[in-house]
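Undergrad:
Residue numbers (the UniProt record's numbering): 1 to 95.
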């Protein structure tokens with residue numbers, strides 16, 4: 001976790017950044033049997049950590065774009081593959 005602090009229920013709620021997700025986490029942690037509390041906590045800690053990392057990455061990419069710089073990495077155009085897959089699915093009658 002950034003800042004070196006330890007994860008707590010409060011910090012997980014903050015890192016989730018969404019009242020609905022926070023309520024879902026709190027409901028799940030409150031309903032968990034004692035022997036599963038750590039497992040539930042660890043699951044939501046990972047979710048919160050992943051969300052925080054994604055937000056930080058998004059902010060980095062936005063800053064690059066704002067400065068007119070390209071995002072790092074190799075970008076592969078998969079438009080034709082996606083279009084072909086969509087056509088294949090439509091041909092089977094899927095809506």
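Built from N, CA and C at the ideal position, the CB exists for glycine as well. A quick note: this is a predicted structure, and the numbers were derived from the prediction, not measured.
#1: For residue 9 versus residue 29, is the C-beta distance shorter than 8 Å?
#2: Distance, Cα to Cα, residue 80 vs residue 67?
#3: Around the Cβ of residue 64, are there at least 16 other Cβ atoms within 10 angstroms (buried) or fewer (exposed)?
#4: Distance, Cα to Cα, residue 52 vs residue 16?
#5: Does the separation of the CB atoms of residue 7 and residue 39 fall below 8 Å?
#6: Under DSSP, the alpha helix (DSSP H) around residue 50 begins and ends at which residues?
TA: Concretely, from the data shown:
#1: Position 9 of the chain shown holds residue 9. Position 29 of the chain shown holds residue 29. A contact, by the Cβ cut-off of 8 Å.
#2: Here the question's residue 80 lines up with position 80 in the chain shown. Here the question's residue 67 lines up with position 67 in the chain shown. The straight-line gap from Cα to Cα measures roughly 30 Å.
#3: In the chain shown, residue 64 corresponds to position 64, counting from 1. That one is exposed.
#4: To locate residue 52, count along the chain shown from 1; it is residue 52. To locate residue 16, count along the chain shown from 1; it is residue 16. Going from the Cα of residue 52 to the Cα of residue 16 covers about 7 Å.
#5: Within the chain shown, the letter at position 7 stands for residue 7. Within the chain shown, the letter at position 39 stands for residue 39. Not a contact, by the Cβ cut-off of 8 Å.
#6: In the chain shown, the residue the question calls residue 50 occupies position 50. Segment 37–66, the alpha helix (DSSP H) holding residue 50.
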